[in-house]
Amino acid sequence: DTWFQQDGAAAHYGKDVRAHLDTQFHKWIGRRGEIEWPARSPDLTPLDYFLWGYLKSKVYATQLQNLDELRNRIMQEAALIDRVMIRNAVSHFYNRIAFCQEAQGLQFEHL
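Under the working numbering, the residues of the sequence shown are numbered 17 to 127, in order.
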């Protein structure tokens, strides 16, 4: 059973987007999804607390000459992300939930 999760950003909340998610996925997590997910929750979103920073560090490790090179580097580095890396990133989620509870739902420092 696979769930799709989106981050609840305003751009992902439109009526058409939600209708598309309803037709494409049996279950999804997000604003007005089967399980609600708050907008602006980077401390609890693996894309925010892991993926974007990881890709940025890899993509910009060497200087890029043009937009095509940037696109290619992003795709190359994203393709190298394996299941173990994803599993590790997601496993930190439970620790982050505990920190969020300690902070009473407020944003907490990046770990």
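No residue lacks a Cβ here, since even glycine has one placed at the ideal position from N, Cα and C.
Just so you know, these numbers come straight off a predicted model, no measurement behind them.
Could you tell me which of the options sits nearest to residue i, measuring between CA atoms?
i, options, result
"Leu71", "Ala119, Ile102, Asp23, Glu50", "Ile102"
"Ile97", "Asp32, Leu86, Gly30, Gly69", "Gly69"
"His108", "Leu86, Pro62, Gly30", "Pro62"
In chain order, what residues of the same chain have a beta carbon less than 7 Å from the beta carbon of residue i, not counting five sequence neighbours either side?
i, result
"Asp64", "Pro58"
"Phe41", "Phe20"
"Arg34", "Arg48"
"Phe124", "Asp59, Phe115, Cys116"
Note down, in chain order, each residue of its chain lying with its Cβ closer than 6 Å to the Cβ of residue i, except the 5 sequence neighbours on either side.
i, result
"Gln22", "His28, Gly46"
Assuming residue i contacts residue j (C-beta within less than 8 Å), just tell me the rounded distance between them.
i, j, result
"Trp44", "Glu50", "7 Å"
"Cys116", "Leu60", "6 Å"
Just to confirm, are residue i and residue j a CB contact at a threshold of 7 Å?
i, j, result
"Glu93", "Val106", "no"
CA-CA distance, residue i and residue j?
i, j, result
"Arg48", "His36", "13 Å"
"Asp84", "Ala95", "17 Å"
"Gln79", "Arg89", "11 Å"
"Asn82", "Tyr110", "39 Å"
"Ala119", "Ala25", "22 Å"
"Thr18", "Gly121", "27 Å"
Should residue i be counted as a contact of the ligand HEM given a C-beta to heavy atom distance under 6 Å?
i, result
"Lys72", "You won't find the ligand HEM in this model; it holds no ligand whatsoever."
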